[in-house]
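First the structure, in the form of structure tokens, and then the observations on it.
There are 2 protein chains.
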Amino acid sequence: MVRPIKPGQTPVSPAREPVAIVIAKRIEEDIVLGRRQPRERLVEQDLCDLFQTHRGDVRLALFELEKKGLVERIPNRGALVRGLTPLEVREIYAVREELEVMAVRIIPFPVDPKYVERLEELQRQHTAAVAAGDLLTVFYSNLSFHQVLFGLCGNACLIETIELLAQKVYGIRSYANAFPESLDRARRDHLDMIKALRGSRRDDLVALTRRHLKPSPEAYIKAYERRFGKADLAPAQ
Amino acid sequence: MVRPIKPGQTPVSPAREPVAIVIAKRIEEDIVLGRRQPRERLVEQDLCDLFQTHRGDVRLALFELEKKGLVERIPNRGALVRGLTPLEVREIYAVREELEVMAVRIIPFPVDPKYVERLEELQRQHTAAVAAGDLLTVFYSNLSFHQVLFGLCGNACLIETIELLAQKVYGIRSYANAFPESLDRARRDHLDMIKALRGSRRDDLVALTRRHLKPSPEAYIKAYERRFGKADLAPAQ
DNA sequence: CCCTTTAATATTGTTTACAATACGGTTTAC
DNA sequence: GTAAACCGTATTGTAAACAATATTAAAGGG
Numbered sequence: 721m722v723r724p725i726k727p728g729q730t731p732v733s734p735a736r737e738p739v740a741i742v743i744a745k746r747i748e749e750d751i752v753l754g755r756r757q758p759r760e761r762l763v764e765q766d767l768c769d770l771f772q773t774h775r776g777d778v779r780l781a782l783f784e785l786e787k788k789g790l791v792e793r794i795p796n797r798g799a800l801v802r803g804l805t806p807l808e809v810r811e812i813y814a815v816r817e818e819l820e821v822m823a824v825r826i827i828p829f830p831v832d833p834k835y836v837e838r839l840e841e842l843q844r845q846h847t848a849a850v851a852a853g854d855l856l857t858v859f860y861s862n863l864s865f866h867q868v869l870f871g872l873c874g875n876a877c878l879i880e881t882i883e884l885l886a887q888k889v890y891g892i893r894s895y896a897n898a899f900p901e902s903l904d905r906a907r908r909d910h911l912d913m914i915k916a917l918r919g920s921r922r923d924d925l926v927a928l929t930r931r932h933l934k935p936s937p938e939a940y941i942k943a944y945e946r947r948f949g950k951a952d953l954a955p956a957q
Numbered sequence: 721m722v723r724p725i726k727p728g729q730t731p732v733s734p735a736r737e738p739v740a741i742v743i744a745k746r747i748e749e750d751i752v753l754g755r756r757q758p759r760e761r762l763v764e765q766d767l768c769d770l771f772q773t774h775r776g777d778v779r780l781a782l783f784e785l786e787k788k789g790l791v792e793r794i795p796n797r798g799a800l801v802r803g804l805t806p807l808e809v810r811e812i813y814a815v816r817e818e819l820e821v822m823a824v825r826i827i828p829f830p831v832d833p834k835y836v837e838r839l840e841e842l843q844r845q846h847t848a849a850v851a852a853g854d855l856l857t858v859f860y861s862n863l864s865f866h867q868v869l870f871g872l873c874g875n876a877c878l879i880e881t882i883e884l885l886a887q888k889v890y891g892i893r894s895y896a897n898a899f900p901e902s903l904d905r906a907r908r909d910h911l912d913m914i915k916a917l918r919g920s921r922r923d924d925l926v927a928l929t930r931r932h933l934k935p936s937p938e939a940y941i942k943a944y945e946r947r948f949g950k951a952d953l954a955p956a957q
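Quick mapping for you: the protein sequence lines, in order, are chains X and R.
Numbered by this note's numbering, the letters in the first sequence go through residues 721 to 957 in order.
Numbered by this note's numbering, the letters in the second sequence go through residues 721 to 957 in order.
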């Protein structure tokens, strides 16, 4: 007998995050921060030991990461960390640009100062981390900055999609971060964006958004070609 | 001991689709075609019996459908079919318009006639199905039409993202399909799109793409408001 | 008569064991 | 000496049993 779930109770979710999601995030973090290299195998039992859980949740997590495009799963053989070809990177960045520009176009102006202040706070963190060479904090403060910025657009679907595509290429940012001038340029971009927000100058914000997306894929592609040659059209991995 | 997977063998995947994916697709189809109503419960064991498999795969499938936004999963209570609020629908369609317009903007012209012929073939199917009142075939031929059309853009990430968002709102098309004039209008839109493709008239194609996306959300929102009142800002479900 | 507590049961979440598969190395046939 | 067949092991895929949780229904106390 199936018992109904009462409509009134649905919205109050107990807010406890499923274990599989947490594991997926941890593995994802490892991948995008370069702690796990492309082509490295992800063996279910090893991950169980590592995260103190059972294979069911690990399988769920790997399944999700496959859908996200971060790992490749081969039937009966297992999962491995997936790298991105220059072609894929270019395509993802093209779509990101379209969506992020859309987001800043529809942000309702003027923006509530409390959000601008939040951005400034994050930007201070970011700058301090850059100065200290703390790449982990650089990564996370940068992440939060963009989440707050695009969150201003108010379209939940758009925010979610931007997030989705950003996740796919988290890993390649480290290539640009290797050059101090890239980090500094990103820092200045952020400051200019805040100024544009304050002044409700939408066109400036759009231009900055476009410019901000350029260096990372370029650095990645250059590094890739130095390593593997100019094999743009090679299949993924 | 973990044994490496040789690089050379990776691309040749055995092409056998994981069971969980197949099940997810079947359930998705049931939902979007209205065979399962919003708020209906999806009990794991029932689905196991139905699809002749074990709970592991079913859980995987439900997990994926949750990520896609088609079902809601409440910890320790199970999964249920999720409906969409008018706000969500509007937001999704806004992003769809942006992406689909981007796609037709970057289609390399002129288009190889063989693809145009494929579109015409699908359109004949669609027209016949509309005339016969065969809504299932209407659905699938329409689906293929758009897949082929946007597939022309050549950006795999863009194609995938368009597909993702289209899936989220498959279900609501039935609302527009209830009105014969909507079906007829969609049919004429498709024919005009084919003509624009043949003539490499990009601006026409862009305008048609925008227009083509209007009726479905409007019909859904009207139906929703007739049923629940104008509660736009209500939380999901 | 209503509110709280308690038990029964449906359902999900976890654990474990087992079967199927794939790869590496070794043996065997020619 | 080479190539095909075989076996061992690592790993994934499947199944079933068990534990935890939530919901309904019933019992008890005010």
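For every residue, glycine included, the Cβ atom is placed at its ideal position computed from N, Cα and C.
Report the option in the options whose CA atom is closest to the CA atom of residue i.
i, options, result
"R:GLY919", "R:LEU911, R:ASP904 and R:PRO830", "R:PRO830"
"X:LEU885", "X:LYS787, X:ASN796, X:ILE743 and X:ALA781", "X:LYS787"
"R:ARG931", "R:ARG946, R:LYS942, R:SER902 and R:PHE948", "R:SER902"
"X:VAL801", "X:VAL763, X:HIS846 and X:GLY853", "X:VAL763"
"R:PHE899", "R:GLU811, R:GLY754 and R:ALA939", "R:ALA939"
"X:ALA975", "X:PRO795, X:ARG907, X:GLY803 and X:VAL821", "Here chain X covers residues 721 to 957 and nothing more, so residue 975 of chain X does not appear."
"R:GLU808", "R:ARG947, R:ILE941 and R:GLY949", "R:ILE941"
"R:LEU770", "R:LEU785, R:VAL868 and R:ALA744", "R:ALA744"
"X:ALA943", "X:ARG816, X:THR805 and X:GLU760", "X:THR805"
"X:ARG756", "X:GLY803, X:TYR860 and X:LEU855", "X:GLY803"
"X:SER911", "X:GLY754, X:ASP766 and X:GLN845", "Correcting the residue identity first, residue 911 of chain X is Leu in this sequence and not Ser. When only C-alpha atoms are compared, the closest one is X:GLN845."
"R:GLU960", "R:TYR860, R:ALA799, R:GLU880 and R:VAL815", "The structure shown does not extend to residue 960 of chain R, since chain R is modelled only from 721 through 957, so no value can be given for it."
"X:LYS915", "X:VAL836, X:GLN867, X:ARG905 and X:ASP854", "X:VAL836"
"R:ARG810", "X:ASP854, X:ARG838 and X:ALA876", "X:ALA876"
"R:GLU880", "X:PRO833, X:VAL815, X:ARG947 and X:ASP923", "X:VAL815"
Using a Cβ-Cβ cut-off of 8 Å (strictly less than) and excluding sequence neighbours within five positions of residue i, which residues of its own chain qualify?
i, result
"R:GLY874", "ILE826, ILE827 and PRO828"
"X:TYR813", "VAL889, LEU933, SER936 and PRO937"
"R:ARG746", "PHE771"
"X:GLU817", "THR929, ARG930 and LEU933"
"X:GLU760", "LEU800 and VAL801"
Is residue i close to chain X? Criterion is C-beta to C-beta, closer than 8 Å.
i, result
"R:PHE783", "yes"
"R:LEU872", "no"
"R:GLY986", "In this structure chain R extends from 721 to 957, so residue 986 of chain R is not present and cannot be described."
"R:CYS877", "yes"
"R:VAL801", "no"
"R:VAL763", "yes"
"R:PRO758", "no"
"R:LEU869", "no"
"R:ASP952", "Bear in mind that a pLDDT of 49 at R:ASP952, under 50, signals an unreliable position, so the number given afterwards is only what the model happens to contain. With 8 Å as the cut-off, R:ASP952 does not count as an interface residue toward chain X."
Strictly below 9 Å CB to CB, what residues from chain X border residue i?
i, result
"R:THR881", "VAL815, LEU819, THR881, LEU884 and LEU885"
Using the beta-carbon of each residue, which ones in chain X are nearer than 8 Å to residue i?
i, result
"R:LYS787", "GLU784 and LYS787"
"R:ILE812", "CYS877"
"R:ARG797", "ILE725"
Below 7 Å CB to CB, which residues in the same chain sit around residue i once its five sequence neighbours on both sides are set aside?
i, result
"X:ALA852", "none"
"R:ALA823", "PHE870, CYS873, LEU878 and ILE882"
"R:ILE751", "LEU790, VAL801 and GLY891"
"X:VAL868", "TYR835, ARG838, LEU839 and LEU842"
"X:PRO731", "Low local confidence applies: a pLDDT of 37 at X:PRO731 is under 50, so the model's placement there is unreliable, and no value is given."
"X:ASP924", "ALA916"
Going by beta carbon distance, what residues of the same chain come within less than 6 Å of residue i, once the five residues before and after it are set aside?
i, result
"X:ALA740", "ASP777, LEU780 and ALA781"
"R:SER864", "LEU842"
"X:VAL926", "VAL821 and VAL824"
"R:ARG775", "GLU764 and CYS768"
"X:THR857", "ALA849"
"R:THR847", "ARG907"
From the beta carbon of residue i, is the nearest beta carbon of chain R less than 8 Å away?
i, result
"X:GLU938", "no"
"X:VAL889", "no"
So which residues of chain R does residue i contact, with C-beta pairs closer than 8 Å?
i, result
"X:LEU780", "ARG779, LEU780 and PHE783"
Below 7 Å on C-beta distance, what does residue i contact in chain R?
i, result
"X:PRO738", "PRO795"
"X:VAL722", "ARG761 and VAL763"
- Interfacial residues, the region 908-926 of chain R to chain X, with Cβ spacing under 9 Å: none
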